[in-house]
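Novice: Before I ask anything, here is the structure I am working with.
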Amino acid sequence: RYGLKAGGSTGHGADAIDYLLSTSRFTTDGYRDHSAASKNLVNGRLGIQLDQDSKLTLVVNSVNLKAQDPLGLNLADFSANPRSAVAVATQFNTRKTVQQTQGGAIYERHIDASNDLRLMIYYGQRDTVQFQAIPPSVQRDNPLHAGGVIVLGRDYGGIDARWTSRLTLAGRPLTVIGGLAYDTLTEQRQGYENFTGTGSTQQLGVQGALRRDETNLAWNADPYLQASWHLAQRWNLDAGVRYSTVRFSSDDHYIVGANGNDSGAVRYRKALPMAALRYQARPDLNLYATVGRGFETPTLNEISYRPDGLPGLNFSLQPATNLSTEVGAKARVAGNMLTAALFQTRTENEIVVASSAGGRTTYQNAGRTLRNGLELGWDGELGGEWHSQLAYTLLDATYRDSFCSSVCSPTNPPVVAGNRIPGIPRQMAFASLVWAPPQGWRAGIEGRYLSKIAVNDGNADTAPAYSIASAHAGYLLQSEHWTLNAFARIDNLFDRQYAGSVIINDSN
Numbered sequence: 001r002y003g004l005k006a007g008g009s010t011g012h013g014a015d016a017i018d019y020l021l022s023t024s025r026f027t028t029d030g031y032r033d034h035s036a037a038s039k040n041l042v043n044g045r046l047g048i049q050l051d052q053d054s055k056l057t058l059v060v061n062s063v064n065l066k067a068q069d070p071l072g073l074n075l076a077d078f079s080a081n082p083r084s085a086v087a088v089a090t091q092f093n094t095r096k097t098v099q100q101t102q103g104g105a106i107y108e109r110h111i112d113a114s115n116d117l118r119l120m121i122y123y124g125q126r127d128t129v130q131f132q133a134i135p136p137s138v139q140r141d142n143p144l145h146a147g148g149v150i151v152l153g154r155d156y157g158g159i160d161a162r163w164t165s166r167l168t169l170a171g172r173p174l175t176v177i178g179g180l181a182y183d184t185l186t187e188q189r190q191g192y193e194n195f196t197g198t199g200s201t202q203q204l205g206v207q208g209a210l211r212r213d214e215t216n217l218a219w220n221a222d223p224y225l226q227a228s229w230h231l232a233q234r235w236n237l238d239a240g241v242r243y244s245t246v247r248f249s250s251d252d253h254y255i256v257g258a259n260g261n262d263s264g265a266v267r268y269r270k271a272l273p274m275a276a277l278r279y280q281a282r283p284d285l286n287l288y289a290t291v292g293r294g295f296e297t298p299t300l301n302e303i304s305y306r307p308d309g310l311p312g313l314n315f316s317l318q319p320a321t322n323l324s325t326e327v328g329a330k331a332r333v334a335g336n337m338l339t340a341a342l343f344q345t346r347t348e349n350e351i352v353v354a355s356s357a358g359g360r361t362t363y364q365n366a367g368r369t370l371r372n373g374l375e376l377g378w379d380g381e382l383g384g385e386w387h388s389q390l391a392y393t394l395l396d397a398t399y400r401d402s403f404c405s406s407v408c409s410p411t412n413p414p415v416v417a418g419n420r421i422p423g424i425p426r427q428m429a430f431a432s433l434v435w436a437p438p439q440g441w442r443a444g445i446e447g448r449y450l451s452k453i454a455v456n457d458g459n460a461d462t463a464p465a466y467s468i469a470s471a472h473a474g475y476l477l478q479s480e481h482w483t484l485n486a487f488a489r490i491d492n493l494f495d496r497q498y499a500g501s502v503i504i505n506d507s508n
């Protein structure tokens with residue numbers, strides 16, 4: 001990874017300009033076979049102080065990403081050779097490319113001593129091409145199949161208008177924020193066969209005949225209101241509500257033979273209230289409690305394919321709604337920060353993976369789920385130039401209803417209530433110890449632990465728990481306007497074999 005960054009400003013006050021430009025390139029051969037990747041990234045920000053009370057900020061960034069996909073390994077292959085890739089990954093040259101450019105502007109205006117205005121607008125374009133490992137026979141034998149190559153073109157944008165007022169209520173400070181967020185995305189989605197020819201002339205991993213062609217539109221409109229009231233010397237109350245409306249629609253252009261018109265639309269609406277109460281028990285101790293309603297609609301990616309294999313968007317997929325509560329404390333102990341929190345999330349219509357095969361994933365609703373958790377954190381100085389961090393999370397995430405992944409059958413029995421939600425470790429821990437003088441040599445060590453992770457709803461297999469350690473060292477030199485920072489780092493110091501990610505409910 002290498003790059004350049006430059007920044008500066010012309011001073012302060014009216015007509016002042018500040019800027020930041022950066023570019024970087026990252027390449028890797030990949031830890032596994034067929035897992036090379038590269039990413040080029042450009043970022044720019046320009047701030048213009050229009051006058052004493054207003055500022056305009058312009059932001060632009062562009063990314064070009066190319067990545068091979070080694071696909072997943074089953075437990076036996078992972079244990080035998082974690083660096084390997086399945087054969088079809090190289091046969092079909094499974095890969096993905098992404099090109100995205102987006103820009104935006106933020107206008108901030110200080111109206112008077114009690115009111116501020118903030119306007120944000122953005123627009124972007126994203127093009128994606130993905131080659132999957134779906135066998136040609138599967139596509140030939142099913143006239144409704146969408147093919148093994150995904151080609152996406154997306155244009156997206158949005159605005160957020162926000163007004164902030166600083167008032168008083170019962171003689172105590174009250175801050176009120178009201179606004180409207182609107183976002184829209186237009187997607188041109190096409191699917192192609194991932195092969196050409198037959199028999200001895202057949203080529204795999206190339207773009208073949210068209211099998212899907214549609215225009216999809218998604219938009220949301222979210223008015224919101226929030227307030228923060230310092231109701232007493234040691235008490236603070238925060239409350240808010242957001243009314244979210246989300247709509248998906250699809251216009252099908254591929255109507256061939258048995259593949260009919262799969263156009264359609266769906267709309268979701270929900271009011272989302274929240275409240276938080278904070279109490280400053282002592283100058284160095286804060287206690288808090290929060291409660292809020294959540295609303296997770298499916299994404300375009302999640303509704304792009306149906307579990308029954310039929311064409312068109314999965315409009316039957318419903319939003320997940322949840323109620324989250326949390327109580328916690330933040331305390332300063334001898335200048336160090338100690339945090340603790342207990343939380344619970346109850347979800348209905350949880351969106352989960354129905355099936356995953358050949359790099360393609362479908363989703364379904366799984367009824368009710370429950371997450372109970374504990375978080376502990378420590379961030380502090382140990383004296384001298386020593387600094388330490390500790391973090392621990394305990395998360396019990398389970399299904400509360402029985403259901404079937406995809407379609408129930410003798411070989412696919414129902415998932416039993418009480419099973420763990422796959423992809424979520426029960427325990428996570430992190431610790432670091434750093435020696436960092438203002439100048440000169442510095443060094444540190446880190447440790448990380450992750451408990452085992454279920455890889456399917458039935459909890460039949462798990463990715464093993466693991467612990468890894470890392471070490472780093474460097475030299476920092478400050479000289480007038482210049483800073484030299486040289487460093488070296490080794491991750492996975494003891495070369496432990498572990499699974500960094502899992503593919504939920506993969507058919508392989």
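Residue numbers in the sequence shown follow my numbering, run continuously in steps of one, and reach 508 at the last position. Virtual Cβ for every residue (Gly too), placed ideally from N, Cα, C. Note that the structure is predicted; figures quoted are calculated from it, not measured.
Would you kindly work out how many angstroms separate the C-alpha atoms of SER54 and THR175, rounded to a whole number?
Specialist: Rounded to whole angstroms, SER54 to THR175 spans 20 Å at the Cα level.
Novice: Tell me whether the beta-carbon of GLY309 lies closer than 9 Å to the beta-carbon of HIS472.
Specialist: No, Cβ-Cβ distance for GLY309 and HIS472 is not below 9 Å.
Novice: Can you look up GLN344 in the DSSP assignment and give me helix, strand or coil?
Specialist: Residue state, collapsed to three classes: strand.
Novice: Would you decide whether PRO311 is buried or exposed? Buried here means 16 or more other CB atoms lie within 10 Å of its CB.
Specialist: PRO311 should be labelled buried.
Novice: Going straight from the alpha carbon of GLN99 to that of ARG212, what length do you get?
Specialist: So the alpha carbons of these two residues sit roughly 21 Å apart.
Novice: Mind checking GLN190: buried by the 16 CB within 10 Å criterion, or exposed?
Specialist: GLN190 is buried by the Cβ-count criterion.
Novice: Assign LEU75 to one of three DSSP states: helix, strand, or coil.
Specialist: Reduced to three states, the DSSP call for LEU75 is helix.
Novice: Considering only the beta carbon of each residue, do GLY153 and TYR123 sit closer than 9 Å?
Specialist: No, the Cβ-Cβ distance between GLY153 and TYR123 is not below 9 Å.
Novice: For ALA67 and ILE134, I'd like the C-alpha separation in whole angstroms.
Specialist: Each residue's Cα considered, the two are about 18 Å apart.
Novice: Can you list, in chain order, the stretches of the alpha helix (DSSP H) that have 4 or more residues and sit fully within the segment 296-375?
Specialist: Taking only runs of at least 4 residues, the alpha helix (DSSP H) segments lying wholly in the segment 296-375 are 300-303.
Novice: Just to confirm, are LEU167 and TYR192 a CB contact at a threshold of 9 Å?
Specialist: Against a cut-off of 9 Å, the Cβ pair of TYR192 and LEU167 comes out as no contact.
Novice: Can you check DSSP and say which residues form a bridge with VAL246?
Specialist: Paired residue(s): ASN220 and TYR268.
Novice: Run through the DSSP bridge pairs and tell me what THR393 is partnered with.
Specialist: Answer is GLU375 and MET428, bridged to THR393.
Novice: Please report the residue range of the alpha helix (DSSP H) in which SER38 lies.
Specialist: SER38 -> not in any alpha helix (DSSP H); beta strand (DSSP E) instead, spanning 37-51.
Novice: With which residues is ARG32 paired in a DSSP beta bridge?
Specialist: Note: ARG32 sits in no beta bridge, so no partner.
Novice: Flag this pair as yes or no: are the beta carbons of LEU374 and ALA340 separated by less than 9 Å?
Specialist: Yes, they are a contact pair.
Novice: Is any heavy atom in the ligand GTP found nearer than 8 Å to the beta carbon of LEU71?
Specialist: Looking at this structure, you won't find the ligand GTP or any other ligand, since it has none at all.
Novice: Tell whether a beta-carbon distance below 9 Å holds between THR94 and PRO70.
Specialist: Cβ distance < 9 Å, so THR94 and PRO70 count as in contact.
Novice: Please name the residue in ASP116, ASP506, THR186 and ASP461 whose C-alpha comes closest to that of TYR363.
Specialist: Among ASP116, ASP506, THR186 and ASP461, the Cα nearest to that of TYR363 is on ASP506.
Novice: Taking only the alpha-carbon atoms, compute the straight-line gap between GLY384 and ARG442 and give it to the nearest angstrom.
Specialist: Cα-Cα distance, rounded: 13 Å.
Novice: Compare the Cα-Cα distances from SER388 to each of ALA431, ASP251, GLY367 and GLY359 and report the closest residue.
Specialist: For the residues ALA431, ASP251, GLY367 and GLY359, the minimum Cα distance to SER388 belongs to ALA431.
Novice: Give me the Cα-Cα distance between THR186 and ASP284, rounded to the nearest whole angstrom.
Specialist: Cα to Cα, THR186 sits roughly 50 Å from ASP284.
Novice: From ARG269 to PHE487, what does the alpha carbon distance come to, in whole angstroms?
Specialist: Answer to the nearest angstrom: the Cα atoms are 51 Å apart.
Novice: With distance defined between alpha-carbon atoms, name the residue in GLN202, GLY423 and ASN314 nearest to SER249.
Specialist: Among GLN202, GLY423 and ASN314, the Cα nearest to that of SER249 belongs to ASN314.
Novice: Report buried or exposed for ILE500, applying the criterion of at least 16 other Cβ atoms within 10 angstroms of its Cβ.
Specialist: According to the sequence shown, residue 500 is Gly rather than Ile. GLY500 should be labelled exposed.
Novice: Alpha carbon to alpha carbon, how far is LEU222 from HIS12?
Specialist: Residue identity check: residue 222 is Asp in the sequence provided, not Leu. Roughly 36 Å between the two C-alpha positions.
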